[in-house]
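Student:
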Amino acid sequence: VGCGAVTRKMDMRAGERSWARTSVLCLGMAAVASAAGASPAAAAPRTTAFAASGAVPSARTVGLGLRQGVSRAGRSAVGKVLMSSTEVDKRAERRRIISNPNFNRNFLGKDTKEEVEGMMVEEFTSDLVKELIDQSYVIERDDVTIKLAKSYGFCWGVERAVAMAYEARNFYKTEKIHITNEIIHNPGVNKRLKDMQINFINPDSSGVKDFSVVEKGDVVVLPAFGASLEEMQLLDDKGVRIVDTTCPWVSKVWNAVDTHKKKDMTSIIHGKYSHEESIATASFAEIYLIVKDLEEAEYVANYIINGGSKEEFMKKFANAHSKGFDPEVHLKKVGIANQTTMFKDETKAIAKLFERTMLKKYGPETLTDNFLALDTICDATQERQDAIIELIEDKSIDFVLVVGGWDSSNTGHLLEICHLNNVKGYHVDMADRITADGSIEHRKIDGTIEVTKNFLPKGALNIGVTSGASTPDAYMQDAIERIVMLKKLEKA
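To convert, take the position in the sequence shown, counting from 1, and add 11; that gives this note's numbering.
If you want it as structure tokens, here you go:
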């Protein structure tokens, strides 16, 4: 069963979810994702000492020395790795780590899993969303017509990650539990985990994570975005128990950059260099460059064709390339990968742009040697974007309410689609951004937060609603109910 089939199955759900079936499918996909193109499990011996966290060991032969890696804040040092001259195969190293008996990628026990199922249903499902589905995605409340996008909310990868984090707390009742970053980009879900006494190891303002609080025997949860190879090595060396909730679609991207490495290609990663997923992906690449959008990709393409100022290039991408990257050397053979939550049409456009660029620069005879693009666009991201495009074709909609974390990339792109189609949209991360005085605090497409007063038009209201892949249905219901309440107060 493909990921798309699973996602559509989950998007159509209402009330209690089929957790057992979902977990089996997810775990099956995880196995496929990690095994695809796998190199031998046995890795070459290594000698690695960690002074801190976050550095990316090189897959090439290196002399004894200190290496720096990518951080949330860019290419600043988040740790130092003292390596031997032994060559490290990153995929083989990852496979070695996940083969450790302390490394868990499955649900931990039948009893705790069943307990978590009940908790998730109680906390995250929505009677209002169930009614919307039953009524062909359209209902009326007082003077408000509510139209729900046909693909929305929790994707199966996020659902699986949250369920595994919940179960870890229930299974390891007395152990100290840490998570290497937010489990997902949703403030309500992350607060719930903190309430369970799970310690978040978030980076500081300079991008550094402090792993000194993690001790042997502790439990560490890896979030849905994944973790860098260096973090995995560090935790393996500490002798902790790991619960890996990494989405298999993210693992699929890691497989893609490994393929680029084998073909001696530079990985062009469409993503945000400070995003946790892109940081993790970059750690599994050999030589990489991260471009955030088509405009940056066009700059790179123009440099490949026409050359330019190397100094200007390096300054422009100062935080978004691998150590030792040289645009005059490392842009002759390129492979395309992406952060799974990016705008899918833009990722496709970037791939086409580099295909045309390499064709023009080197000719058709060597195109397969100079260019590679594998399909790593997440089905769930694509389906939510397609659904909102369909939703806003209804020109009677006054605005679209987008619910999801303000730091959620996939949610932000839903708002971006509204903007690109000249449809008003409001992106809120929690229902309480909609207040009784008729104001809404919302995120704009440039990332700034703005308060708009009296945002609801007078009279009958027709709204579209959607939510990001990290948003529980119950949170969307809370936001909708606040709008309905404001309309009731208007008539009072």
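Idealized CB from N, CA, C, for every residue including glycine.
For N115, which residues of its own chain have a beta-carbon under 8 angstroms away from its beta-carbon, when the five flanking residues on both sides are left out?
Tutor: Excluding sequence neighbours, N115 sits near R252, I253, V254 and D255.
Student: Helix, strand or coil: which one does DSSP assign to N181?
Tutor: If DSSP states are grouped into helix, strand and coil, N181 belongs with the helices.
Student: Rounded to whole angstroms, what's the CA-CA distance from V219 to L246? Just pull it up for me.
Tutor: Between V219 and L246, the C-alpha separation is close to 16 angstroms.
Student: Which residues share a DSSP beta bridge with I278?
Tutor: The amino acid occupying residue 278 in the given sequence is Ser; Ile does not appear at that position. Y299 and G346.
Student: Tell me which residue opens and which closes the alpha helix (DSSP H) that R106 is part of.
Tutor: K101 to I109 is the span of the alpha helix (DSSP H), which, as asked, contains R106.
Student: So K227 packs on D405, CB below 8 angstroms; how close in whole Å?
Tutor: Not a contact, Cβ separation roughly 57 angstroms.
Student: Which first and last residues belong to the alpha helix (DSSP H) in which E125 is found?
Tutor: Its alpha helix (DSSP H) spans residues K121 to F135.
Student: Hey, V434 and T482: beta-carbon distance below 9 angstroms or not?
Tutor: No, the pair does not count as a contact, with Cβ atoms beyond the cut-off.
Student: Throw me the rounded Cβ distance for the V224 and N210 pair, which I believe falls under 8 angstroms.
Tutor: So it is a contact: roughly 7 angstroms between Cβ atoms.
Student: If you draw a straight line from the alpha carbon of T387 to that of A503, how long is it in whole angstroms?
Tutor: The straight-line gap from Cα to Cα measures roughly 52 angstroms.
Student: Which of helix, strand or coil does DSSP assign to A384?
Tutor: Note: A384 maps to strand in three-state DSSP.
Student: By alpha-carbon positions, which one of W260, Y148 and R106 ends up nearest to V169?
Tutor: Comparing Cα positions, the closest option is W260.
Student: Quick one: residues in its chain with C-beta nearer than 8 angstroms to the C-beta of K469, no 5 flanking neighbours on either side, listed in chain order?
Tutor: Correct list, in chain order: E501.
Student: Leaving aside the five residues before and after I194 along the sequence, list all residues of the same chain whose C-beta is less than 8 angstroms from its C-beta, in chain order.
Tutor: Closer than 8 angstroms at Cβ, skipping near neighbours: A172, V173, A176, V200, N201, L204, V232, P234, A235 and T256.
Student: Does DSSP put R152 in a helix, in a strand, or in coil?
Tutor: Strand, per DSSP.
Student: Does the beta-carbon of A312 have 16 or more other beta-carbons within 10 angstroms, so that it is buried, or is it exposed?
Tutor: Its Cβ being crowded by 16 or more others within 10 Å, A312 is buried.
Student: Go to F513, then tell me how far its beta strand (DSSP E) extends in each direction, as first and last residue.
Tutor: Given a span of 12 to 503 for the chain in the structure shown, any question on residue 513 remains unanswerable.
Student: Across the stretch 291-298 and the stretch 357-372, are there enough close Cβ pairs to call them in contact, namely three or more that are closer than 8 angstroms?
Tutor: Output reads no: the stretch 357-372 does not touch the stretch 291-298.
Student: Of all the options D356, A391, G449 and I347, which has the alpha carbon lying nearest to the alpha carbon of G479?
Tutor: Considering only alpha carbons, the answer is A391.
Student: Between the stretch 443-450 and the stretch 365-381, do three or more beta carbon pairs fall short of 8 angstroms?
Tutor: Result no; under three Cβ-Cβ pairs closer than 8 angstroms.
Student: Within its chain, find whatever has a CB closer than 8 angstroms to the CB of G346; leave out the 5 residues flanking it on each side and keep chain order.
Tutor: So the qualifying residues of the chain are A267, V268, T270, H271, K274, M276, T277, S278, I279, F382, L383, A384 and L385.
Student: Cβ atoms of Y299 and S333: under 9 angstroms apart, would you say?
Tutor: Cβ atoms of S333 and Y299: closer than 9 angstroms.
Student: Is Q350 buried or exposed, if buried means 16 or more other CB atoms sit within 10 Å of its CB?
Tutor: The residue in question, Q350, is buried, as its Cβ has 16 or more Cβ neighbours within 10 Å.
Student: Considering V224, what are the terminal residues of the beta strand (DSSP E) in which it resides?
Tutor: Careful: V224 lies outside any beta strand (DSSP E) and carries neither H nor E.
Student: Looking only at DSSP bridge pairs, what is M472 linked to?
Tutor: A quick correction: the sequence has Leu, not Met, at residue 472. Answer by DSSP bridge pairing, in chain order: V155.
Student: Three or more beta-carbon pairs under 8 angstroms between the stretch 179-193 and the stretch 142-151, yes or no?
Tutor: With a cut-off of 8 angstroms, the stretch 142-151 and the stretch 179-193 do not count as touching, because too few Cβ pairs lie within range.
Student: Skipping 5 residues on each side, what residues in its chain have a beta carbon closer than 8 angstroms to that of I460?
Tutor: For I460, where only same-chain residues beyond five positions count, the Cβ hits under 8 angstroms are W417, E452, H453 and R454.
Student: Ends of the alpha helix (DSSP H) at I144?
Tutor: Taken as a continuous stretch (DSSP letters only), the alpha helix (DSSP H) holding I144 covers D138 to D145.
Student: Going straight from the alpha carbon of F354 to that of D154, what length do you get?
Tutor: Cα-Cα distance, rounded: 34 angstroms.
Student: Can you give me the start and stop residues for the alpha helix (DSSP H) that G423 sits inside?
Tutor: Where G423 is concerned, the enclosing alpha helix (DSSP H) stretches over S420 to L431.
Student: From the beta carbon of N113, is the nearest beta carbon of chain D less than 9 angstroms away?
Tutor: No chain D appears in this structure, which consists of one protein chain only.
Student: With a Cβ-Cβ cutoff of 9 angstroms, do I428 and I408 count as a contact?
Tutor: Not a contact, by the Cβ cut-off of 9 angstroms.
Student: Between S289, K371 and P338, which lies nearest to I316 when the distance is taken from Cα to Cα?
Tutor: Ranking the options by Cα distance to I316, first place goes to K371.
Student: Taking the alpha-carbon positions, what's the K187 to N181 distance?
Tutor: If I take the Cα positions, the gap works out to 12 angstroms.
Student: Within this structure, are the beta carbons of E178 and K124 separated by less than 9 angstroms?
Tutor: Cβ distance < 9 angstroms, so E178 and K124 count as in contact.
Student: Around the Cβ of K283, are there at least 16 other Cβ atoms within 10 angstroms (buried) or fewer (exposed)?
Tutor: The residue is buried, with at least 16 neighbouring Cβ atoms inside 10 Å.
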